[in-house]
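Using UniProt numbering, the first residue of the sequence shown is number 1, and each one after it goes up by one. Don't be surprised by glycine CBs; every beta carbon is placed ideally from N, CA and C. The model shown is predicted, which means the values in this text are computed figures rather than measured ones.
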Amino acid sequence: MRGRAPAGRRRAAGGRHPVGALVPRPGRPAPRGGRRGLVGHAVAVRGDGEQARLRAAAACLCLRRAPAARLRARGDHARERRSGAAIGCLRGRRDGCGHAGRRPGHRGRRAAARGGPVNPPVVVTIAGTDSGGAAGIAADLATFAALGVHGACVVTAVTAQDTTGVHAVHPVPYDVVVAQLDAVLDDLDPVAVKTGMLGTPEVVRLVAERCAGRLLVVDPVMVATSGAVLASEAVVAAYREHLLPVATVATPNEEEHASLGRPDGPGVIVTRGGDVPTTNDHGTGCTYSAALAAHLAHGASLTTAADRAAAYVTQQLVAGKDWTLGRGRGPVAHVHTTPHRGEIA
Numbered sequence: 001m002r003g004r005a006p007a008g009r010r011r012a013a014g015g016r017h018p019v020g021a022l023v024p025r026p027g028r029p030a031p032r033g034g035r036r037g038l039v040g041h042a043v044a045v046r047g048d049g050e051q052a053r054l055r056a057a058a059a060c061l062c063l064r065r066a067p068a069a070r071l072r073a074r075g076d077h078a079r080e081r082r083s084g085a086a087i088g089c090l091r092g093r094r095d096g097c098g099h100a101g102r103r104p105g106h107r108g109r110r111a112a113a114r115g116g117p118v119n120p121p122v123v124v125t126i127a128g129t130d131s132g133g134a135a136g137i138a139a140d141l142a143t144f145a146a147l148g149v150h151g152a153c154v155v156t157a158v159t160a161q162d163t164t165g166v167h168a169v170h171p172v173p174y175d176v177v178v179a180q181l182d183a184v185l186d187d188l189d190p191v192a193v194k195t196g197m198l199g200t201p202e203v204v205r206l207v208a209e210r211c212a213g214r215l216l217v218v219d220p221v222m223v224a225t226s227g228a229v230l231a232s233e234a235v236v237a238a239y240r241e242h243l244l245p246v247a248t249v250a251t252p253n254e255e256e257h258a259s260l261g262r263p264d265g266p267g268v269i270v271t272r273g274g275d276v277p278t279t280n281d282h283g284t285g286c287t288y289s290a291a292l293a294a295h296l297a298h299g300a301s302l303t304t305a306a307d308r309a310a311a312y313v314t315q316q317l318v319a320g321k322d323w324t325l326g327r328g329r330g331p332v333a334h335v336h337t338t339p340h341r342g343e344i345a
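Put into structure tokens, the structure is as follows:
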């Protein structure tokens, strides 16, 4: 469901960053080229000296607390709990609510502490469907399963899509999106959230409000591989004003990054070079951001997660490079002959 830059535009500005390079500069995110058949292994954090690298990584990985503070000012306890803010519940047990500052993912850690079975991390994708199975929620859930996390989903739109293009888009009613998100956040308590096609500014604002404080990977899907526009100017503005400021990391391609006005905020993944010779690359952007979210959910640092996600996507591109599925740009491989977790040897 992602638009990809032409082959001649894959190199990042200045040509200085290695494949999958992570440039966590809160003041000015760097642009990133398309990811068509190209994600590779090397990852670097740009900075002068160890302290600069540590500060840059910390700037990307911090869980933003401002949304929680705003909710506290309104006294909205239930909404704060759903938002998963890092400070946990605003009331202590003495207030009678029963929530003692729990954070996202507390259930799995609590089970491990008492010697019970250890649950896999839960990651939820909030995105649209792809009837061709290459991108969107199909790609996200396949990637989550391959990388050892339990995937939940919130469907924002249903698309009629194949290897030749997007033929129809049906937005899911807002109240149904809200009900799905509430069900997942209240019951499964996901450690991380990954976004794809959100469709409307109302949904963008909803995700920003409910998911701030969790690990949040924002893949701002705006244009399909075929060139179909999937986001209006109002949606782009909502990304800039509401969602990017609370994201852990964003993964726009070069065109999307330019459309967003290169805003201040989260880290930005920059990819270049290392081309895999294949036209079966539909869904690489969704797969990369889903793999990034999965590794963050496992506790990897942002640099390590970016490196492993790049390695995983490269492997899947190689696995499906000779496929002949469909009449257009075929899907990146979502099948596995052997278990693989994206580790780099």
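- Look at the beta carbons and you see the region 166 to 185 not touching the region 311 to 331: under three pairs across the two are nearer than 8 Å.
- In this structure, the alpha-carbon of VAL207 lies about 7 Å from that of LEU243.
- Scanning its chain for C-beta atoms nearer than 6 Å, with the 5 sequence neighbours on each side dropped, one finds around VAL149 the residues PRO120, PRO121, VAL123, ALA294, ALA297, in chain order.
- When the five nearest sequence neighbours on each side are left out, the beta carbons in the same chain lying within less than 6 Å of the beta carbon of ALA139 are those of GLY283, CYS286, THR287, in order along the chain.
- Between THR143 and GLY136, the C-beta gap is not smaller than 7 Å, which leaves the two residues out of contact.
- Cβ neighbours of ALA290 within its own chain (closer than 7 Å, five residues either side excluded): THR125, ALA139, ASP140, THR143, PHE144, LYS194.
- Shown here, PRO331 sits in a strand according to DSSP, grouped into three states.
- The beta carbons of ASN280 and GLY320 sit about 5 Å from each other, so the pair counts as a contact at 8 Å.
- ASP322 counts as exposed, since fewer than 16 other beta carbons sit within 10 angstroms of its beta carbon.
- In this structure, the beta-carbon distance from VAL236 to SER259 falls below 7 Å.
- In the three-state reduction of the DSSP assignment, PRO117 falls in the coil class, being assigned neither a helical nor a strand state.
- VAL193 carries a strand assignment under DSSP once its states are collapsed to helix, strand and coil.
- If you check the CB distance, PRO245 and GLY199 do not come in under 7 Å.
- ALA160 is bridged by DSSP to ALA168.
- Here GLY151 has VAL123, THR125, ASP140, LEU141, PHE144, ALA145 as same chain residues with Cβ atoms under 7 Å from its own Cβ, once five neighbours each way along the sequence are excluded.
- When the five nearest sequence neighbours on each side are left out, the beta carbons in the same chain lying within less than 6 Å of the beta carbon of HIS334 are those of ALA142, in order along the chain.
- Assigned with DSSP and collapsed to three states, HIS150 falls in strand.
- With a cutoff of 7 Å on beta-carbon distance, GLU256 and PRO220 are scored as near each other.
- Annotation: the continuous beta strand (DSSP E) that includes ALA127 extends over 122 to 128.
- 7 Å or more divides the Cβ of PRO201 from the Cβ of ALA250.
- Under DSSP, GLY267 forms a beta bridge with VAL249.
- A straight line joining the alpha-carbon of ALA212 with that of GLN161 spans about 31 Å.
- Here the alpha carbons of HIS336 and THR324 stand approximately 17 Å from one another.
- Beta-bridge pairing by DSSP links LEU215 to ALA192.
- Cβ neighbours of LEU216 within its own chain (closer than 6 Å, five residues either side excluded): VAL193, ALA247, THR248.
- DSSP, reduced to helix, strand and coil, places HIS282 within a strand of the structure shown.
- With fewer than 16 other CB atoms across the displayed protein chains lying within 10 angstroms of its CB, ASP187 is exposed.
- Under DSSP, VAL229 shares a beta bridge with VAL223.
- If you draw a straight line from the Cα of ALA127 to the Cα of GLY267, it comes to about 21 Å.
- Within the region 287 to 336, the complete alpha helix (DSSP H) segments at least 4 residues long are 302 to 319, listed from N- to C-terminus.
- For ALA134, there is no enclosing alpha helix (DSSP H), since its DSSP letter is neither H nor E.
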